[in-house]
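To start, the structure under review is shown below, and the notes come after it.
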Amino acid sequence: MPTTKQMLTPREASRMLGVSYPTIKQWILSGKLKTVQTPGGHHRLSEEALKPFLMKDKLKPIAESRHRYRRVSGRNQLAGKVVSIKIQGLLAEVILSVADTHVTAIITSNAVRELQLKKGDSAAALIKSTDVMIERLDDPS
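Mapping of the sequence shown onto the UniProt record's numbering: position 23 corresponds to residue 23, and the numbering continues sequentially without gaps.
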């Protein structure tokens, strides 16, 4: 049996696979992922146990693969299609269609050119924010 020094915590495994920590915990509890328990009852995973998940992910098309999530620290990524690009001076408005909504980003026009973005391309909005506001949509009375 491998020592715990060579093992990953569930959080480290979630980062390696590009999935959420609750997903890893669910996979562990359902038996989908095999773990070793420490004397304190904590789960540890070997890199070997993660290989089938990494290999399966490599077979997916790039737009569906979790590989790109492992290359960027931000996990709030909304994948979609570019529906509009408007360039004016130094800035560009890029609108992505994500599920049944649109996400608008204002980025530099140079970034649009460097990414070679055009209408119909697959892209992702990476969202990093410390504030989230809530608006009530129904009448409280």
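For glycine and all other residues, C-beta sits at the position ideal for the given N, C-alpha and C.
Nearest candidate by alpha-carbon position, reference residue i, set the options
i: I127; options: K119, T104, R136, M55; result: T104
Distance, residue j Cα to residue i Cα
i: R136; j: H102; result: 20 Å
i: Q26; j: L33; result: 9 Å
i: V82; j: I24; result: 31 Å
i: K86; j: A123; result: 16 Å
i: H43; j: K58; result: 26 Å
i: L117; j: I106; result: 13 Å
i: T3; j: N76; result: Confidence at T3 is low in this model, with a pLDDT of 46, below 50, so the placement of that residue should be treated as unreliable; the coordinate-derived value is given next. Between T3 and N76, the C-alpha separation is close to 34 Å.
i: N110; j: T130; result: 26 Å
i: S14; j: D139; result: 40 Å
i: A56; j: E47; result: The displayed chain sequence assigns Lys, not Ala, to residue 56. Whole-angstrom Cα-Cα distance: 15 Å.
i: E12; j: P22; result: 12 Å
Beta-carbon gap between residue i and residue j smaller than 9 Å
i: A92; j: T108; result: yes
i: L17; j: L54; result: yes
i: K119; j: S84; result: yes
i: residue 151; j: T38; result: This structure gives no information on residue 151, because the portion of the chain shown stretches from 1 to 141.
i: L45; j: L8; result: yes
Cut-off 6 Å between Cβ atoms - residues of its own chain near residue i, not counting five sequence neighbours on either side
i: G80; result: L96, S97, V98
i: Q6; result: none
i: G121; result: The sequence shown places Asp at residue 121, rather than the Gly named in the question. Once the five neighbours on either side are set aside, the close Cβ partners of D121 are V82.
Contact belief for residue i with residue j at Cβ below 8 Å, rounded distance in angstroms
i: I28; j: P10; result: 6 Å
Other residues of its chain near residue i: CB distance less than 7 Å, five sequence neighbours each side excluded
i: V94; result: V82, I85, A105, I107, V112, L117
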